[in-house]
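According to UniProt numbering, the sequence shown is numbered sequentially starting from 1. Glycine included, every Cβ here is placed at the ideal spot set by N, Cα and C. These numbers come from a predicted model, not from an experiment. Data block below; observations after.
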Amino acid sequence: SGSSPSSNSNYCNLMMFCQKLTEGKGKPVNTFVHESLADVKAVCSRKKVTCKNGQTNCYQSNSAMRITKCRETGSSKYPNCAYKTTQVEKRIIVACEGK
Numbered sequence: 001s002g003s004s005p006s007s008n009s010n011y012c013n014l015m016m017f018c019q020k021l022t023e024g025k026g027k028p029v030n031t032f033v034h035e036s037l038a039d040v041k042a043v044c045s046r047k048k049v050t051c052k053n054g055q056t057n058c059y060q061s062n063s064a065m066r067i068t069k070c071r072e073t074g075s076s077k078y079p080n081c082a083y084k085t086t087q088v089e090k091r092i093i094v095a096c097e098g099k
């Protein structure tokens with residue numbers, strides 16, 4: 001949809017820079033969730049799943065959420081980090097502190 005901030009192909013380049021995620025050598029992958037903070041926090045009371053790193057404090061959302069995936073392109077070179085913007089709707093998995 002054209003109204004979403006992530007429909008712009010420069011969205012990731014701008015957001016990664018503004019969030020200071022390009023400092024140092026640049027973060028290769030990041031995901032932005034376009035839902036309310038309350039909805040994201042509520043995931044911590046949903047279905048428990050094992051995290052990618054093997055930790056046990058991850059939880060999966062019950063329903064799909066609007067997200068933008070930012071992945072560094074092959075030609076990306078610090079300090080001019082370049083990212084590919086992909087907009088999707090899917091269930092998210094979050095790590096919850098103190099769980």
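Residue i and residue j look like a contact to me (Cβ under 8 Å); what is the Cβ gap, rounded to whole Å?
| i | j | result |
| --- | --- | --- |
| CYS12 | LYS77 | Contact doesn't hold; Cβ gap of about 16 Å is too wide. |
| CYS81 | GLU72 | 6 Å |
| GLN55 | ARG46 | That belief does not hold up - the Cβ atoms of GLN55 and ARG46 are roughly 16 Å apart, past 8 Å. |
Who are residue i's beta bridge partners in DSSP?
| i | result |
| --- | --- |
| VAL33 | ILE67 |
| VAL43 | None, per the DSSP bridge assignment. |
| LYS25 | According to DSSP, which records beta bridges pairwise, LYS25 is partnered with nothing at all. |
| residue 131 | Because the chain spans 1 through 99 in this model, residue 131 falls outside it and cannot be assessed. |
| CYS58 | VAL49, ALA95 |
| LYS90 | MET65 |
Taking C-beta to C-beta, are residue i and residue j nearer than 9 Å?
| i | j | result |
| --- | --- | --- |
| ILE40 | CYS70 | It is Val, not Ile, that sits at residue 40 in the sequence shown. No, the Cβ-Cβ distance between VAL40 and CYS70 is not below 9 Å. |
| PHE17 | THR68 | no |
| MET15 | HIS34 | no |
| GLU97 | ASN62 | no |
Could one say the Cβ of residue i lies closer than 9 Å to chain D's Cβ atoms, at least one of them?
| i | result |
| --- | --- |
| ARG46 | Protein chain content of the structure displayed is limited to a single chain, and chain D is not contained in it. |
Worksheet item: With contact counted as at least three CB pairs below 8 Å, one residue from each stretch, are the region 50-70 and the region 84-97 in contact?
Response: Result yes; three or more Cβ-Cβ pairs closer than 8 Å.
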